[in-house]
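First comes the structure, then the notes that go with it.
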Amino acid sequence: MLHLEGQRRRPGNWLLVTLIFISSLRSEAVEIPSSMDGTLTPEAHAQIYSNPTCLELMKHNRWRSWARRQNVDLRYAPSLVKLCFVCLTNTESSKLAETYVNSYIASNGLSHRLKVESRGVGGGRKDWYLPNGWSLFHGKEPDQVLVNSAQEFNLRLSGNAKPIDPESILDADHILCYGKEAYDELLEAASHWEKGGLLNDYLVKIRLMPGGHAPCNAETEVNMQRSNGRKEMKNQRQKKPFKHFSKTAKSSLNH
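The opening residue of the sequence shown carries number 1 in UniProt numbering; numbering runs sequentially from there.
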């Protein structure tokens, strides 16, 4: 019986000896480098363990490769240009421009480069941009004369008129105005919104389209827009329609 008990104790004794041996090896592994010169000095030991592992280097190289590709892609990536066409009512010139440029975008696959919208101003009402003001043409459909004429060019004018607001100005990269009166009304409204802290640096965005005029009143402006729209379509029947709209879109893409 005693003999068996002694045999049973042996595994425990061997385990204890093994643990003591491993412990001594660990202490020697720490002490030996500090007592030797060359590659096993404490400084070299620290340097070895501060260097990245192969796996870390591979991750770093992959990250650098990815970052380099992103830099190249971002450098040549097309940026989205946002255009906003503005006329007095948003039922004629600006709506026609929006419709045509959207057609141009769709036919040339430029949806990732250009985004277009149109807006109006007061439509003859001078306080349209004030808290209690409103635009006379807000919610109205496009002028029916231009709708019928645009259909001959496979253009469908749609969407109710909306007055421009500070958010539209902030969102747009370029704001192109049809008619001097619409241009002046927009600048007056923008100046008011700037004083209220709603806008800044808007002047560089707003431009009067070539051929802008200064009519005597809002009714004259509307009539001239309608007349100019019909004349534009008539003159371009045998040519590429709305050539200046294409130039506007292309010049915006080059910026």
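Every residue gets a Cβ at the ideal spot worked out from N, C-alpha and C, and that includes glycine.
Limits of the unbroken beta strand (DSSP E) element including residue i
i           : result
Glu117      : Leu114 to Gly120
residue 259 : The question about residue 259 has no answer here: the residues shown for the chain are numbered 1 through 255.
Leu88       : Element bounds for Leu88: n/a, residue is neither H nor E.
Leu176      : His174 to Cys177
The alpha helix (DSSP H) enclosing residue i, as first and last residue numbers
i      : result
Leu203 : Leu203 -> no alpha helix (DSSP H), and no H or E assigned at all.
Asn170 : For the sequence presented, residue 170 should be read as Leu rather than Asn. It spans Pro166 to Asp171 - the alpha helix (DSSP H) in which Leu170 sits, taken as one unbroken run.
Asn148 : Gln144 to Gln151
Lys180 : Lys180 to Lys195
Member of the options whose CA lies at the smallest distance from the CA of residue i
i      : options                           : result
Phe153 : Tyr104, Pro210, Pro131 and Ser118 : Tyr104
Asp201 : Ile175, Leu96, Leu208 and Pro210  : Ile175
Ser149 : Ile206, Val204, Arg207 and Leu96  : Leu96
Ser207 : Tyr178, Asp127 and Glu92          : The residue you asked about is not Ser; residue 207 is Arg in the sequence shown. Among Tyr178, Asp127 and Glu92, the Cα nearest to that of Arg207 belongs to Tyr178.
Lys162 : Lys195, Val81, Leu155 and Leu136  : Leu136
Lys82  : Gly109, Arg113, Asp165 and Glu141 : Arg113
Gly139 : Gly197, Lys205, Gln151 and Ile164 : Ile164
Ser191 : Thr99, Asn108, Leu155 and Leu130  : Leu130
Trp128 : Val204, Pro210 and Trp193         : Trp193
Gly133 : Ala189, Leu199, Pro210 and Lys205 : Ala189
Ile169 : Thr99, Val121, Pro210 and Leu155  : Val121
Lys115 : Arg156, Lys205, Val101 and Asn108 : Val101
Glu117 : Ser111, Ala106, Glu98 and Ser107  : Glu98
Arg125 : Lys195, Leu186 and Leu199         : Leu186
Ala106 : Glu141, Gln151 and Leu155         : Leu155
Outcome for residue i when other beta-carbon atoms lying within 10 angstroms are tallied against a minimum of 16
i           : result
residue 257 : For the chain, the structure presents residues 1 to 255; residue 257 sits outside this window and is missing.
Arg119      : buried
Gly123      : buried
Leu80       : exposed
Leu40       : For Leu40, the predicted structure reports a pLDDT of 49, less than 50, and the residue's modelled location is therefore unreliable. A value from the coordinates is still provided. The residue in question, Leu40, is exposed, as its Cβ has fewer than 16 Cβ neighbours within 10 Å.
Ser94       : buried
Gly197      : exposed
Leu146      : buried
Leu203      : exposed
Glu92       : buried
Glu167      : exposed
Ala172      : buried
Gly109      : exposed
Strand pairing of residue i, partner residues [DSSP]
i      : result
Pro163 : Gly120
Val81  : Leu114
CB contact check: residue i to chain B, cutoff 8 Å
i      : result
Ile206 : Protein chain content of the structure displayed is limited to a single chain, and chain B is not contained in it.
Exercise for review: Inspect the CB distances between the stretch 85 to 102 and the stretch 172 to 183 and report whether three or more fall short of 8 Å.
Suggested key: yes
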